[in-house]
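Colleague: In our numbering, the protein residues as written are 1 to 926. This is the structure I want to talk about, given as structure tokens.
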RNA sequence: GGGCUCGUAGAUCAGCGGUAGAUCGCUUCCUUCGCAAGGAAGAGGCCCUGGGUUCGAAUCCCAGCGAGUCCA
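Written out as structure tokens, the structure is:
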């Protein structure tokens with residue numbers, strides 16, 4: 001076993017006269033030109049030296065610094081590439097947001113499966129780190145959104161084969177030399193630069209890494225990704241796992257653009273350096289106007305905070321007293337001065353984050369990336385309100401979107417406004433809830449229990465602070481426990497089930513030695529018959545999986561169902577019912593075994609295949625139409641093609657309206673009429689991404705060096721499915737329905753070709769049938785239905801009125817009933833086979849006449865009894881009913897003046913009613 | 001993907017096994033110089049849908065649909 005110490009002994013350090021030193025404060029090892037240097041230079045071992053006196057020769061703005069960095073590496077043979085979106089899930093499915101420049105090249109490039117877009121390359125990659133959200137604005141140096149400037153080189157060992165790049169571009173010495181040279185060019189004093197040894201581990205990879213510190217600020221991290229997790233590896237690293245060297249090794253650097261700009265300007269916090277205009281604007285609109293003396297105080301406090309070990313919010317709070325004492329001011333005064341600024345800094349950063357997120361097409365929702373966007377937006381809204389900024393949030397976000405050069409600014413504003421509105425409604429709903437809850441507890445003089453507080457937050461999204469405010473108005477006290485968020489977490493139960501049911505398919509092992517099946521349908525998309533040799537055959541519970549050397553059968557994938565058909569030999573015919581692809585080997589599920597080595601003729605169910613091809617092309621057309629109608633943020637969230645109908649799930653921030661559906665239909669059918677050609681091509685992944693962006697990955701992210709593109713007019717998508725040759729072949733496209741399948745995702749169901757005609761006819765048939773029933777012509781149906789419904793309601797009311805009238809008439813006449821005296825009371829005992837409503841109404845009418853009613857009915861299969869007692873009569877109706885209905889095999893009860901009950905034994909009703917006077921006597925005065 | 005909360009009058013909600021309610025809004029009348037004023041009368045409900053339990057379900061149980069929210 002060995003550690004990584006040797007990895008840091010660079011020729012470059014030797015040549016330049018560096019020495020290796022252990023920090024006298026933290027013990028970390030670092031490299032420096034200054035032999036007398038004792039500490040590593042990073043806070044808390046040292047403090048900021050550049051605030052107030054910039055560490056570089058010239059003052060750079062953010063964009064000037066970016067340009068300086070990129071052109072520095074361009075001049076040194078690095079190709080400059082465009083940054084990727086911040087929504088990393090657009091090209092990889094293991095993460096949500098881009099958190100580092102190397103994300104752009106994971107997993108295919110770093111693993112060596114695909115070539116990088118250039119080698120070496122340089123990029124300034126916007127990133128978002130939600131982990132820092134609480135620290136933003138407060139620590140003076142944390143931002144949620146930032147640009148990671150980087151240069152990357154992708155190397156493969158000489159002897160390694162089968163990788164998408166080969167040989168060594170450059171490695172550690174050159175990387176450190178570049179960094180040194182860049183710093184020197186900026187005017188940094190080389191004597192003050194330290195390179196700290198800090199091995200990096202992450203995501204199953206690892207390697208030596210170096211932190212670059214200058215004047216107390218970490219300016220860059222140079223990572224040498226060269227190891228992977230390996231139980232038998234030689235290296236035991238800080239995460240407790242073993243690692244061994246890989247065949248590929250990658251230079252992964254990260255230079256914080258914001259930090260470099262800050263260093264060049266020497267402002268009190270990073271925020272003033274990054275967005276000076278935004279902060280001025282916010283201060284102005286929040287009415288923050290400090291005197292020179294106050295400004296100086298704030299600046300000094302910020303500088304001091306930088307020198308302390310301030311890594312999160314709690315540290316800031318703890319340090320504030322110290323700082324106030326040092327500055328000789330009251331801690332309260334310092335807080336009053338600093339807190340408004342902290343909010344403003346955070347707002348500036350959050351708005352930039354939102355601009356990135358929404359600009360890159362993230363639609364807020366309650367899941368995944370959309371949830372993160374919503375969280376940031378709501379937090380920002382609270383901060384804006386707290387700080388008293390009198391500018392609408394959509395305008396603040398738009399300012400950043402404009403600065404970042406996004407073109408979908410109208411949509412961004414619309415989304416922000418829609419989200420604000422929804423948040424407002426949530427808060428309003430919440431306030432009402434809290435108010436009534438608080439009033440309840442205030443009446444009893446109790447404080448609001450913690451359980452309620454947790455529920456209000458978890459189920460209704462109301463911050464505990466908000467609850468406290470509202471409750472105070474109602475006069476209820478609220479105690480927010482320190483471990484509040486832990487309690488919320490508890491409510492979410494036993495943590496991630498983590499039942500990674502990685503039941504690796506046995507089938508993968510079976511086919512491991514078989515060659516990948518030659519897929520004929522790409523070259524011959526319209527073919528329906530072919531010949532092939534049976535390579536192998538596996539017996540299954542319900543048939544056989546036949547492997548051929550080549551096939552026209554499309555295996556299920558990309559939302560397109562498998563083809564069906566038959567395999568024939570000279571003697572036999574086998575039905576193909578399902579087709580799956582396992583690691584490139586196509587398995588044909590059949591009802592018989594043709595035998596290995598047999599030559600078979602395959603034939604597809606041609607009609608089914610054609611319908612699926614139409615459906616697949618239609619899916620692209622509908623998706624394109626949806627984007628045209630709803631906006632560029634519309635992305636595919638899933639799709640399923642079918643013979644009868646297909647569906648496309650798209651991200652959108654509100655329900656799709658009837659007008660929009662019709663517009664989508666019009667656009668889709670226009671594309672059909674234009675009869676555009678549908679072309680396929682197999683470009684390199686990088687070329688495809690460069691030419692068409694990541695929007696080609698609507699249907700998912702395929703692996704491999706090359707991707708298959710399907711081009712329909714302006715629409716380009718990576719797609720493995722089968723398509724018709726021209727859009728005209730799709731025929732009619734009709735949208736069947738839309739429905740929300742989750743927040744931020746709408747499902748569009750549609751049909752194409754003959755299925756579309758059939759669907760239209762079905763709808764028409766329904767209408768015609770309905771019209772026939774109503775005996776009117778189809779256009780009159782809505783009006784007539786309305787009239788019928790109104791009449792139906794009117795009749796219901798009429799029936800209620802008549803029931804009451806009838807009841808009154810019965811009560812007045814008491815015909816057919818028996819009247820008995822129980823004590824002083826007159827009791828009407830009567831059977832009338834009516835429903836419960838009528839029974840009750842009649843009993844009420846009898847009671848209104850001052851008499852007691854005992855009514856029975858056997859209308860609905862079971863027996864019902866109702867007893868009504870006028871005021872002042874000492875008979876307990878509930879008790880009477882209980883006794884009566886017991887004899888009917890059931891039960892019953894109610895208040896003393898009016899009760900009802902019954903039982904299944906309808907035959908006993910007459911007897912029970914006959915005995916009723918006796919029962920009433922028994923409960924009389926009881 | 002999972003947890004939790006909620007679906008009752010046009011709106012906001014109460015009721016939580018026994019005859020569907022309140023407030024605002026609406027209609028008509030009275031009062032008033034006038035009204036987000038006062039008084040009187042009235043209209044307005046498949047209590048989300050479907051099963052189950054029960055003599056009886058808006059109410060309890062199950063499933064579905066819908067809305068909201070928190071977490072991965």
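Here a beta-carbon is modelled for each residue, glycine too, at the ideal position from N, C-alpha and C.
In this structure, what does DSSP give as the bridge partners for residue 351?
Modeller: On the first chain, residue 351 is found 351 positions in, with the first residue counted as 1. Answer is none; residue 351 lacks a bridge partner.
Colleague: Kindly indicate the opening and closing residues of the beta strand (DSSP E) around residue 717.
Modeller: Taking the first residue of the first chain as 1, we reach residue 717 at position 717. Its beta strand (DSSP E) spans residues 715 to 718.
Colleague: Going by DSSP, name the residue or residues bridged to residue 146.
Modeller: Mapped onto the first chain, residue 146 falls at position 146. Paired residues: 127.
Colleague: Tell me where the alpha helix (DSSP H) around residue 276 begins and ends.
Modeller: Residue 276 sits at position 276 when you count from the first residue of the first chain. First-last of the alpha helix (DSSP H) with residue 276: 276 to 285.
Colleague: From the DSSP output, in three-state form, read off residue 915 for me.
Modeller: Translated into the one-based positions of the first chain, residue 915 becomes position 915. Residue state, collapsed to three classes: helix.
Colleague: Could you check which residue in 574, 13 and 713 has the C-alpha nearest to that of residue 592?
Modeller: The residue given as residue 592 occupies position 592 in the first chain. Closest by alpha carbon: 574.
Colleague: List the residues that DSSP assigns as beta-bridge partners of residue 738.
Modeller: Position 738 of the first chain, counted from the first residue, corresponds to residue 738. Bridge partners of residue 738: 748.
Colleague: Return the CA-CA distance between residue 348 and residue 507, expressed in angstroms with no decimal places.
Modeller: Walking along the first chain from the start, residue 348 turns up at place 348. Walking along the first chain from the start, residue 507 turns up at place 507. So the two alpha carbons sit approximately 54 Å from each other.
Colleague: At which residues does the alpha helix (DSSP H) containing residue 213 begin and terminate?
Modeller: Within the first chain, the letter at position 213 stands for residue 213. Counting along the chain, no alpha helix (DSSP H) covers residue 213; the unbroken beta strand (DSSP E) around it starts and ends at 209 to 214.
Colleague: Helix, strand or coil for residue 578? Go by DSSP, reduced to three states.
Modeller: Looking up residue 578 in the first chain gives position 578. Correct three-state label for residue 578: strand.
Colleague: Which residues does DSSP list as the beta-bridge partners of residue 225?
Modeller: Residue 225 sits at position 225 when you count from the first residue of the first chain. BP columns for residue 225 point to 250.
Colleague: Under the three-state reduction of DSSP, which class applies to residue 491: helix, strand or coil?
Modeller: As a position in the first chain, residue 491 is number 491, starting the count at 1. If DSSP states are grouped into helix, strand and coil, residue 491 belongs with the helices.
Colleague: Does the region 64 to 80 come into contact with the region 98 to 113, if we say contact requires no fewer than three beta-carbon pairs (one atom in each stretch) closer than 8 Å?
Modeller: no
Colleague: Look at the Cβ atom of residue 474, then the Cβ atom of residue 428, and state whether they are nearer than 8 Å.
Modeller: Along the first chain, one-based indexing puts residue 474 at 474. Along the first chain, one-based indexing puts residue 428 at 428. For the pair residue 474 and residue 428, the CB atoms are not nearer than the 8 Å cut-off.
Colleague: Does the beta-carbon of residue 126 have 16 or more other beta-carbons within 10 angstroms, so that it is buried, or is it exposed?
Modeller: The count along the first chain starts at 1 and reaches residue 126 at position 126. Result: buried.
Colleague: Can you tell me the Cβ-Cβ gap for residue 636 and residue 623, rounded? I've got them flagged as a contact below 8 Å.
Modeller: Reading the first chain from its first residue, position 636 is the one you call residue 636. Reading the first chain from its first residue, position 623 is the one you call residue 623. About 6 Å separates the two Cβ atoms, so the contact holds.
Colleague: Using the Cβ count rule (16 or more neighbours within 10 Å means buried), how would you classify residue 495?
Modeller: The residue labelled residue 495 in the question sits at position 495 within the first chain. Because residue 495 sits at a pLDDT of 42, beneath the cut-off of 50, its placement in the model cannot be relied upon, and the following sentence gives the value as read from the coordinates. Label assigned to residue 495: exposed.
Colleague: Under the three-state reduction of DSSP, which class applies to residue 653: helix, strand or coil?
Modeller: Sequence index remark: in the first chain, residue 653 carries index 653 (1-based). Coil, per DSSP.
Colleague: Per the contact definition of three or more C-beta pairs closer than 8 Å, is the region 867 to 882 in contact with the region 893 to 904?
Modeller: yes
Colleague: Quick check on DSSP: helix, strand or coil for residue 944?
Modeller: The displayed coordinates of the chain run from 1 to 926. Any statement about residue 944 would go beyond what the structure contains.
Colleague: Indicate the three-state DSSP secondary structure (helix, strand or coil) for residue 910 in the structure shown.
Modeller: Residue 910 sits at position 910 when you count from the first residue of the first chain. DSSP places residue 910 in helix when its eight states are reduced to three.
Colleague: Residue 12 lies in the beta strand (DSSP E); which residues open and close that run?
Modeller: Start at 1 with the first residue of the first chain, and residue 12 comes out as number 12. Here residue 12 belongs to no beta strand (DSSP E); instead the alpha helix (DSSP H) covers 11 to 15.
Colleague: Just to confirm the assignment: which complete alpha helix (DSSP H) runs, minimum length 4, are found wholly within the region 369 to 419?
Modeller: 393 to 403
Colleague: For residue 502, which of helix, strand or coil comes out of DSSP?
Modeller: Position 502 of the first chain, counting from 1, holds the residue named residue 502. Its pLDDT being 38, under 50, residue 502 is placed unreliably in this model, and the coordinates cannot settle the point.
Colleague: Under a three-way DSSP split, which group does residue 196 fall into?
Modeller: Position 196 of the first chain holds residue 196. Residue state, collapsed to three classes: strand.
Colleague: Nearest CA to the CA of residue 300: which residue from 274, 338, 265 and 264?
Modeller: Here residue 300 corresponds to residue number 300 of the first chain, with the count starting at 1. Minimum Cα distance to residue 300 is reached at 338.
Colleague: Is the region 156 to 168 touching the region 127 to 139 in the sense that three or more CB pairs, one from each, lie closer than 8 Å?
Modeller: No contact exists between the region 127 to 139 and the region 156 to 168.
Colleague: Measuring only the C-alpha atoms, how far is residue 753 from residue 643?
Modeller: The residue given as residue 753 occupies position 753 in the first chain. The residue given as residue 643 occupies position 643 in the first chain. If you take the alpha carbons of residue 753 and residue 643, they lie about 10 Å apart.
Colleague: For residue 706, which residues in the same chain have their Cβ closer than 8 Å to its Cβ, ignoring the five residues on either side in sequence?
Modeller: As a working mapping, residue 706 is identified with position 706 in the first chain. Around residue 706: 682, 683, 684 and 685.
Colleague: Mind checking which residues open and close the alpha helix (DSSP H) that includes residue 71?
Modeller: For the purposes of this step, residue 71 is identified with residue 71 of the first chain, where counting begins at 1. Note, residue 71: alpha helix (DSSP H), 62 to 74.
Colleague: Please confirm whether any heavy atom of the ligand ATP lies closer than 7 Å to the CB of residue 540.
Modeller: This structure does not include the ligand ATP; it has no bound ligands of any sort.
Colleague: Would you identify the three-state DSSP class for residue 514, choosing helix, strand or coil?
Modeller: Residue numbering aside, residue 514 sits at position 514 when the first chain is read from its first letter. Residue state, collapsed to three classes: coil.
Colleague: Going by beta-carbon coordinates alone, are residue 54 and residue 265 separated by less than 8 Å?
Modeller: The residue labelled residue 54 in the question sits at position 54 within the first chain. The residue labelled residue 265 in the question sits at position 265 within the first chain. The answer is yes: Cβ separation under 8 Å.
Colleague: Got a sec? Which residues, its chain only, sit under 6 Å from residue 823 by beta carbon, not counting five neighbours each side?
Modeller: Numbered from 1 along the first chain, position 823 holds the residue referred to as residue 823. Correct list, in chain order: 924.
Colleague: Going straight from the alpha carbon of residue 818 to that of residue 921, what length do you get?
Modeller: The count along the first chain starts at 1 and reaches residue 818 at position 818. The count along the first chain starts at 1 and reaches residue 921 at position 921. Rounded to whole angstroms, residue 818 to residue 921 spans 16 Å at the Cα level.
Colleague: Could you give the distance in angstroms between the alpha-carbon of residue 667 and the alpha-carbon of residue 749?
Modeller: For the purposes of this step, residue 667 is taken as the residue at position 667 of the first chain. For the purposes of this step, residue 749 is taken as the residue at position 749 of the first chain. Going by the C-alpha atoms only, they are around 16 Å apart.
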